[in-house]
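> Got a structure here, written out as structure tokens. Questions coming.
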Amino acid sequence: MLRLLARRLLLSIPLLLVVTAITFFLQSLIPGDPARSLLGPSATPQQYEALRQALHLDQPVIVQYLNSIGGVLHGDLGRSIFTGEDVGQTLANRLPVSLSLIVGGTLVALLIGILLGVLSATRGRLLARFIDVFSLVGGALPNFWVGLVLAAIFAVTLALLPATGYVPFEESPGDWARALILPVIALALSGIATIAKVVRDGVSTAIGQDFVRTLRAAGVPRRVLIWKHALRNSSVSLVTVVGVIFVASLSGTILVENVFVLPGLGSLAVAATARQDIPVIQGVALAFTVITIVVNLLVDVSYGLLNPKVRAR
1 MLRLLARRLL LSIPLLLVVT AITFFLQSLI PGDPARSLLG PSATPQQYEA LRQALHLDQP
61 VIVQYLNSIG GVLHGDLGRS IFTGEDVGQT LANRLPVSLS LIVGGTLVAL LIGILLGVLS
121 ATRGRLLARF IDVFSLVGGA LPNFWVGLVL AAIFAVTLAL LPATGYVPFE ESPGDWARAL
181 ILPVIALALS GIATIAKVVR DGVSTAIGQD FVRTLRAAGV PRRVLIWKHA LRNSSVSLVT
241 VVGVIFVASL SGTILVENVF VLPGLGSLAV AATARQDIPV IQGVALAFTV ITIVVNLLVD
301 VSYGLLNPKV RAR
């Protein structure tokens, strides 16, 4: 297991470099000039040039990138061009909001998806067909559109839940949960459909295998057969899908956070891109990449625990 983790960590280093390089060079292609955005149209050319030099924007892109990487290696993510705030501190303040949304959406998708998948595998074809239709619809609907519909119904029309805003957990756990209900559902919808299909296929396959028939003949209760033995048959596929859904939620949270005005990394990325705030863009991309690497490591560890052959590779 330690060798497996060591290999994955070594492979993550080139991934970090590639992602940060692509992000840096792509943002350099965005039209506009941060110095002009800061100073406005009334500033003189000398003021523009002085600010560009102060922000090191007059240097070649490759030099700017190398300077940025050097700062990251020393634990310095730089400061926001527009606010002057430390990027690392800004990310630390906003990370709990995004993690609450992503983890909540993944857990909701996992619980409801497993329940629907098991029911569709054991209760007949009608529910199975519903899962197929639900998978197509759930995967096709954009999560930001789902969020807008949910906000219109439950926040505006019924006034049951807040449409926007975020309350930290330490201030009020109840208000924190109420603020996350709608965005979590919007983020989880497509994941529910995917997990339900995976679980249904795995349980359906397991029910027809010899070991399940043997356990049934031995008098093992049906619920134990389904929830303990048959469900285990889809555990490896389920771990893979959950990891994919978690990583996909990183991109989904960008739109969902803006719909519900949540102060997370997604809304920060949109604001920074609009203002060409290069250090913040780099910081958010780095944070998303690290989260992806950590999730992939957890998936690999889960593989090793579920399948000893993986640890022997």
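Using full-length UniProt numbering, you'd call the opening residue of the sequence shown number 1 and step up by one each time.
Where a beta carbon is used, it is the ideal one built from N, C-alpha and C, also for glycine.
Within the same chain, show all residues whose beta-carbon is closer than 7 Å to that of G147, passing over the 5 residues directly before and after it, in chain order.
Counted from its first residue, the sequence shown places residue 147 at position 147. Contacts found: L182, P183, A186, V256, V259 and F260.
> Report the rounded CA-to-CA distance for R123 versus L136, giving the unit in angstroms.
Here residue 123 refers to the residue found at position 123 of the sequence shown. Here residue 136 refers to the residue found at position 136 of the sequence shown. Spanning the two alpha carbons is a distance of roughly 21 Å.
> Note down the Cα distance separating L110 from T273, rounded to an integer number of angstroms.
Here the question's residue 110 lines up with position 110 in the sequence shown. Here the question's residue 273 lines up with position 273 in the sequence shown. Distance between the alpha carbons of L110 and T273: 32 Å.
> Taking the alpha helix (DSSP H) that R79 falls in, what are its first and last residues?
Indexing the sequence shown from 1 puts residue 79 at position 79. Per DSSP, R79 belongs to no alpha helix (DSSP H) and is neither H nor E.
> How is D86 classed by DSSP in three states: helix, strand or coil?
Here the question's residue 86 lines up with position 86 in the sequence shown. Reduced to three states, the DSSP call for D86 is strand.
> Between I114, A43 and F24, which has its C-alpha nearest L66's C-alpha?
Counted from its first residue, the sequence shown places residue 66 at position 66. Of I114, A43 and F24, the residue nearest in Cα terms is F24.
> Would you report the Cα separation of I13 and L297, rounded to the nearest angstrom?
Mapped onto the sequence shown, residue 13 falls at position 13. Mapped onto the sequence shown, residue 297 falls at position 297. Looking at the two C-alpha atoms, the distance is approximately 13 Å.
> Is it the case that the Cβ atoms of G191 and I245 are separated by a distance below 7 Å?
As a position in the sequence shown, residue 191 is number 191, starting the count at 1. As a position in the sequence shown, residue 245 is number 245, starting the count at 1. Taking 7 Å as the Cβ cut-off, G191 and I245 qualify as a contacting pair.
> First and last residue of the alpha helix (DSSP H) that includes S135?
Position 135 of the sequence shown holds residue 135. Looking at the DSSP string, the run of the alpha helix (DSSP H) that includes S135 is R125 to A140.
> Would you identify the three-state DSSP class for V199, choosing helix, strand or coil?
Locating residue 199 in the sequence shown gives position 199, counting from the first residue. Three-state result, V199: helix.
> Is Y166 helix, strand or coil by DSSP?
Within the sequence shown, the letter at position 166 stands for residue 166. Of the three classes helix, strand and coil, the one that applies to Y166 here is coil, per DSSP.
> To the nearest whole angstrom, what separates the beta carbons of G266 and S68, a pair I think is in contact under 8 Å?
As a first step, residue 266 is located in the sequence shown; it is residue number 266 there, counting from the start. As a first step, residue 68 is located in the sequence shown; it is residue number 68 there, counting from the start. With a Cβ gap of about 22 Å, G266 and S68 do not count as contacting.
> What's the C-alpha gap between A177 and V280?
Position 177 of the sequence shown, counted from the start, is the residue given in the question as residue 177. Position 280 of the sequence shown, counted from the start, is the residue given in the question as residue 280. Looking at the two C-alpha atoms, the distance is approximately 28 Å.
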